[in-house]
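In what follows, a single structure is set out as structure tokens and then discussed.
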Amino acid sequence: MDMLAGKVKMTQQSVNTAMNPADALERPIRLTARDVTVHYGAKQALHGISIDIPDRAVTSFIGPSGCGKSTFLRCINRMNDTIEGARVGGTIKLDGEDIYDPSLDVVELRARIGMVFQKPNPFPKSIYENVAYGPKIHGLARSKTDMDEIVVSSLRKAGLFEEVKDRLNEPGTGLSGGQQQRLCIARAIAVGPEVILMDEPCSALDPIATAIIEELIDELRENYTIVIVTHSMQQAARVSQRTAFFHLGNLIEEGVTEDIFTNPVNKQTQDYIMGRIG
Amino acid sequence: MTDMLSTGQQASIDRTRLIRAGLRKRHLSENIFKGLGLAAIILALGFVALLFVDIVRKGVPAFTQSNLHLAITYDPAILKIDPPPVRAAGQSDADFQAANLKWQRDLAMLNWNKVIEASLRAAAPAGLEIDAKALLSIAETDARHVVREMFVANPSLLGQTVEVELLASANAVNWIRGNIDRSLGDAQQQLSASARTLIDEFVANGTITNGFAWSIFTNVDSRSAPASAGLLGAFVGTLWMMLIVIVLAVPIGVASAIYLEEFAPKSRITDFIEVNINNLAAVPSIVFGLLGAAAFINYMHLPISAPIVGGLVLTLMTLPTIIIATRGALLGVSPALRQAALGMGASKTQMVFHHVLPVTFPSILTATILGVAHALGETAPLLLIGMKAFVAAVPATPLDQATALPVQIYLWQGNENRNFFEPRTAAAIMVLLLVMICLNGVAIYLRSRLEKRA
Chain A
0 MDMLAGKVKM TQQSVNTAMN PADALERPIR LTARDVTVHY GAKQALHGIS IDIPDRAVTS
60 FIGPSGCGKS TFLRCINRMN DTIEGARVGG TIKLDGEDIY DPSLDVVELR ARIGMVFQKP
120 NPFPKSIYEN VAYGPKIHGL ARSKTDMDEI VVSSLRKAGL FEEVKDRLNE PGTGLSGGQQ
180 QRLCIARAIA VGPEVILMDE PCSALDPIAT AIIEELIDEL RENYTIVIVT HSMQQAARVS
240 QRTAFFHLGN LIEEGVTEDI FTNPVNKQTQ DYIMGRIG
Chain B
0 MTDMLSTGQQ ASIDRTRLIR AGLRKRHLSE NIFKGLGLAA IILALGFVAL LFVDIVRKGV
60 PAFTQSNLHL AITYDPAILK IDPPPVRAAG QSDADFQAAN LKWQRDLAML NWNKVIEASL
120 RAAAPAGLEI DAKALLSIAE TDARHVVREM FVANPSLLGQ TVEVELLASA NAVNWIRGNI
180 DRSLGDAQQQ LSASARTLID EFVANGTITN GFAWSIFTNV DSRSAPASAG LLGAFVGTLW
240 MMLIVIVLAV PIGVASAIYL EEFAPKSRIT DFIEVNINNL AAVPSIVFGL LGAAAFINYM
300 HLPISAPIVG GLVLTLMTLP TIIIATRGAL LGVSPALRQA ALGMGASKTQ MVFHHVLPVT
360 FPSILTATIL GVAHALGETA PLLLIGMKAF VAAVPATPLD QATALPVQIY LWQGNENRNF
420 FEPRTAAAIM VLLLVMICLN GVAIYLRSRL EKRA
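Following this line, the structure appears as structure tokens:
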């Protein structure tokens, strides 16, 4: 129990030091979205979302269930393409390049924008193969030693290496939920993405595993642009520098996390943060 | 206040009573349903057991054969033949072959039955009056070929006497085993009275013994010598067809399923194709036979009665099964796995071949093996493409004429010598069932093994 307490305390501490709104504001803009709309068949899920996402900072999307935050996240690496009947409008630019440009290869885009899903979904293969898969299909490792290096460093960055170094050849599905999710993060990191999207990465995890992942997200922020969808406002407050509040398919308010939580401009945001919309 | 409480209590007691009253009825209906289910299973198992017991009871005797031990004398007085040609110096290959063939032809013209008749007469007890026809009816008609082949292989046997094991005739077997009513009068018996007496004598003195019927496994079908009829030709024909079905139906079926499920755009055309595939799986197999006769034999001029045509027809028949099963398996793969692969930047093909197929492999394999096993048991379409012809040869290629195990069963079932072929049909059924059980066993084994690994 002591260990747990220590860990949680440590996480909060590191988050507190990381919460430097000015720092986040100064960063250059990596992703820009303008008037993004999504239709699932006849139903409109997003009504013109416009947002700028800064480089090497954590931006969190919050809002009640069905508000469109996950839908918008999935627009950023075009995972909505895989859904039957989904249509995306508006523009999303990564470093000024339109990601919905027909000449852009979605495979390349997804190598640049990695994704971690709500439920840990490691491949039913060994831990090593899980991490090596991305570099392998994208041809990033020149040799076996190269690959070993990528795998080890990715697992290190995901804070998993020490726990699994003796069983890299065992199936990834045999790990605990939190370890699996860190394996998925290692897998995403292995490709060397610029942006990592996380869709409620802790919702299937217990509090200890959640604390570990949150700590990890905070560390990753130094090298990656992170966008995280969460239904936990505490989590948004702990890990993110910027927060966007979604409601009924609209982006209601967006800004520095501290401002959103302490001094929201919009009445709806206020209601949600006070727990009046659930 | 107390009033309120007691009302609440009263309501709760009433509720409980209502629930209890309904409970008995609910339990009753559950028990009735369970009982009906159990009865259905017992009934079904009973029928299956009945079928198996009946087949085994009938078929087991066919796995023994009656062997006739005779001392055959290659009597030069009967076998008037020159010594086999020896290759002279300077003789051409063709000349020598021609001379050799002539010698064999001459050999075939000799009266080998006389040799067998003589040895049977020698084995018979002295004083028994029996004519040549009755004597020869004891040995199976292929005896003369057996004896002649021994001589071709070793011409120095001329003038010698050797112990030979021959097959007793089918009629003799019927008499020995009591397949035919032994109390019937002479007019209704297949064998003459003297032959029957001699057979009983032979059994008593050990000239006729029982042995394992290897002939079932090593011989091809025979109509003139039923006791020597075997399944080898049909078995090899079935193997050829199985090979063709596996080579064609599995890749085509799995590939179509993958395309339809993973790549094809969802449109009216794919819907139409899907409906048709589902309907094809329900088309009676004899219709596939008609199609095979029309398309492969009439139009493409493939040989009639050949395993290649049978294999193609069975492939067409198996395809819908494999496609439907594979699509089902692909559909069952969790979306999380697909998303994981796509999210890593895998292309659709990579997603399918690296992640989806390995996971579904065990179920696809099982479905395939069961589909192939089903095709192997199919008889109706084969009848229409001429595979019910009597073929007394082992097909060396899929283009040779052949028959198949289930068709062989059909042919034997229809044989005129019911007394002899009833057990043999049951034996053939046992062999076919064994092949099926083996295939299903392989499917179960592979499935459990691969699933453990995954």
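In the order they appear, the protein sequences are chains A and B.
The opening residue of the first sequence carries number 0 in numbering that gives the first Met the number 0; numbering runs sequentially from there.
The opening residue of the second sequence carries number 0 in numbering that gives the first Met the number 0; numbering runs sequentially from there.
Glycine included, every Cβ here is placed at the ideal spot set by N, Cα and C.
So the candidates are Ile149/A, Thr36/A, Val130/A and Gln269/A; which of them puts its Cα closest to the Cα of Glu73/A? Position 74 of the first sequence, counting from 1, holds the residue named residue 73/A. Looking at the sequence shown, residue 73/A is not Glu but Arg. When the alpha-carbon of Arg73/A is set against those of Ile149/A, Thr36/A, Val130/A and Gln269/A, the nearest one is in Thr36/A.
Apply the 10 Å Cβ neighbour rule to Ile198/B and answer buried if 16 or more other Cβ atoms are within range, or exposed otherwise. Position 199 of the second sequence, counting from 1, holds the residue named residue 198/B. Counting every other CB atom within 10 Å of its CB across the protein chains shown gives Ile198/B a total of 16 or more, marking it as buried.
With DSSP as the reference, label Met108/B as helix, strand or coil. Translated into positions along the second sequence, residue 108/B becomes position 109. Three-state DSSP puts Met108/B in a helix.
Please name the residue or residues paired with Asn66/B in a DSSP beta bridge. For the purposes of this step, residue 66/B is taken as residue 67 along the second sequence, with counting starting at 1. Answer is Leu166/B and Thr208/B, bridged to Asn66/B.
Three-state secondary structure (DSSP) at Leu336/B? Taking the second sequence and counting its residues from 1, one reaches residue 336/B at position 337. Three-state result, Leu336/B: helix.
By the criterion of Cβ-Cβ separation under 8 Å, what are the contact partners of Lys265/B in chain A? Position 266 of the second sequence, counted from the start, is the residue given in the question as residue 265/B. When 8 Å is used as the limit between beta carbons, Lys265/B is near these residues of chain A: Glu83, in chain order.
If we count the other Cβ atoms within 10 Å of its Cβ and call it buried at 16 or more, is Met78/A buried or exposed? One-based indexing of the first sequence puts residue 78/A at position 79. A residue is called buried when at least 16 other Cβ atoms come within 10 angstroms of its Cβ; Met78/A meets this threshold and is buried.
Can you say whether Cys201/A is buried or exposed, counting buried as having 16 or more other CB atoms within 10 angstroms of its CB? On the first sequence, position 202 is the one that residue 201/A refers to. Per the 10 Å Cβ criterion, buried.
Per DSSP, the bridge partner or partners of Asn249/A: The sequence position of residue 249/A within the first sequence is 250, counting from 1. Here Asn249/A is bridged, per DSSP, to His246/A.
What does Leu336/B touch in chain A if you count any residue whose Cβ is under 8 Å from its own? Position 337 of the second sequence, counting from 1, holds the residue named residue 336/B. Simply Asn120, Phe122 and Pro123.
Using the Cβ count rule (16 or more neighbours within 10 Å means buried), how would you classify Leu3/A? Start at 1 with the first residue of the first sequence, and residue 3/A comes out as number 4. Confidence at Leu3/A is low in this model, with a pLDDT of 43, below 50, so its placement is unreliable and no value can be given for it.
Which whole-angstrom value describes the C-beta separation of Asn262/A and Glu252/A, a residue pair presumed to lie in contact below a C-beta threshold of 8 Å? Numbered from 1 along the first sequence, position 263 holds the residue referred to as residue 262/A. Numbered from 1 along the first sequence, position 253 holds the residue referred to as residue 252/A. Asn262/A to Glu252/A, Cβ: 11 Å. No contact.
Take Ile322/B and list the residues in its own chain whose beta-carbon comes closer than 6 Å to its own, dropping the five residues that flank it on each side. By 1-based counting over the second sequence, the position of residue 322/B is 323. Gly252, Ser255, Ala256 and Ile276, listed in sequence order.
Consider the Cβ of Met78/A: report whether some Cβ of chain B lies at a distance smaller than 8 Å. Taking the first residue of the first sequence as position 1, residue 78/A is located at position 79. A Cβ of chain B is located within less than 8 Å of the beta carbon of Met78/A.
So which residues of chain A does Val358/B contact, with C-beta pairs closer than 8 Å? Numbered from 1 along the second sequence, position 359 holds the residue referred to as residue 358/B. Here the neighbours are Pro123.
Any chain B beta carbon closer than 8 Å to Phe116/A: The sequence position of residue 116/A within the first sequence is 117, counting from 1. Answer yes: the Cβ-Cβ gap between Phe116/A and chain B drops below 8 Å somewhere.
Below 8 Å between beta carbons: does that hold for Thr224/A and Ile52/A? On the first sequence, position 225 is the one that residue 224/A refers to. On the first sequence, position 53 is the one that residue 52/A refers to. Cβ distance < 8 Å, so Thr224/A and Ile52/A count as in contact.
Please find out if some non-hydrogen atom of the ligand NAP comes closer than 7 Å to the beta-carbon of Leu336/B. Absence of the ligand NAP is noted for the structure shown, with no ligands found whatsoever.
Closer than 8 Å to chain A by CB, Leu341/B: One-based indexing of the second sequence puts residue 341/B at position 342. By this cut-off, Leu341/B is an interface position.
Any chain A beta carbon closer than 8 Å to Ser346/B: Position 347 of the second sequence, counted from the first residue, corresponds to residue 346/B. Chain A, which has a Cβ nearer than 8 Å to the Cβ of Ser346/B, makes this yes.
Just the chain A side, please: which residues come within less than 8 Å of Gln349/B by C-beta, in chain order? Here residue 349/B is taken as the residue at index 350 of the second sequence, counted from 1. Chain A residues near Gln349/B: Ile136.
Secondary structure at Ala254/B, three-state DSSP: helix, strand or coil? Indexing the second sequence from 1 puts residue 254/B at position 255. Secondary structure of Ala254/B (DSSP, three-state): helix.
Of all the alpha helix (DSSP H) runs that stay within the bounds of the segment 105-143 of chain A, which reach a length of 4 or more residues? For the segment 105-143 of chain A, whole alpha helix (DSSP H) runs of length 4 or above, ordered along the chain, are 105-111 and 126-137.
Helix, strand or coil at Ala21/A according to DSSP, with G and I counted as helix: Here residue 21/A refers to the residue found at position 22 when the first sequence is read from its first residue. With a pLDDT of 49 at Ala21/A, under the threshold of 50, the modelled position of this residue cannot be trusted; read the value that follows with caution. If DSSP states are grouped into helix, strand and coil, Ala21/A belongs with the helices.
Runs of beta strand (DSSP E) wholly within the segment 165-250 of chain B (minimum 3 residues, chain order): Those beta strand (DSSP E) runs which fall completely within the segment 165-250 of chain B and span 3+ residues are 207-211.
In three-state DSSP terms, what is Lys266/A? On the first sequence, position 267 is the one that residue 266/A refers to. Of the three classes helix, strand and coil, the one that applies to Lys266/A here is helix, per DSSP.
Terminal residues of the beta strand (DSSP E) in which Val57/A lies: Translated into the one-based positions of the first sequence, residue 57/A becomes position 58. From DSSP, the beta strand (DSSP E) with Val57/A extends over Val57 to Ile61.
If we count the other Cβ atoms within 10 Å of its Cβ and call it buried at 16 or more, is Val57/A buried or exposed? The residue given as residue 57/A occupies position 58 in the first sequence. Burial call: buried.
Excluding the 5 residues preceding and the 5 following Ile259/A in the sequence, name in chain order all residues of the same chain whose CB lies nearer than 7 Å to its CB. Here residue 259/A corresponds to residue number 260 of the first sequence, with the count starting at 1. Around Ile259/A: Thr242, Phe244, Glu252 and Thr268.
Check whether Ile518/B and Val286/B have beta carbons under 8 Å apart: This structure gives no information on residue 518/B, because the portion of chain B shown stretches from 0 to 453.
Could you check the C-alpha separation between Trp174/B and Gly126/B for me, to the nearest Å? As a first step, residue 174/B must be located in the second sequence, where it is residue number 175. As a first step, residue 126/B must be located in the second sequence, where it is residue number 127. Taking the straight line from one Cα to the other gives about 22 Å.
Have a look at Ser221/B and Val406/B and give me their C-alpha separation to the nearest angstrom. Here residue 221/B refers to the residue found at position 222 of the second sequence. Here residue 406/B refers to the residue found at position 407 of the second sequence. Straight-line Cα distance between these residues: approximately 14 Å.
Quick one: is Ala21/A buried, meaning 16 or more other Cβ sit within 10 Å of its Cβ, or exposed? Locating residue 21/A in the first sequence gives position 22, where the first residue counts as 1. Only weak support exists for where Ala21/A lies, its pLDDT of 49 falling under 50; the value from the coordinates is given anyway. So Ala21/A ends up on the exposed side.
In the DSSP assignment, what residue or residues form a beta bridge with Val35/A? Sequence index remark: in the first sequence, residue 35/A carries index 36 (1-based). BP columns for Val35/A point to Ile48/A.
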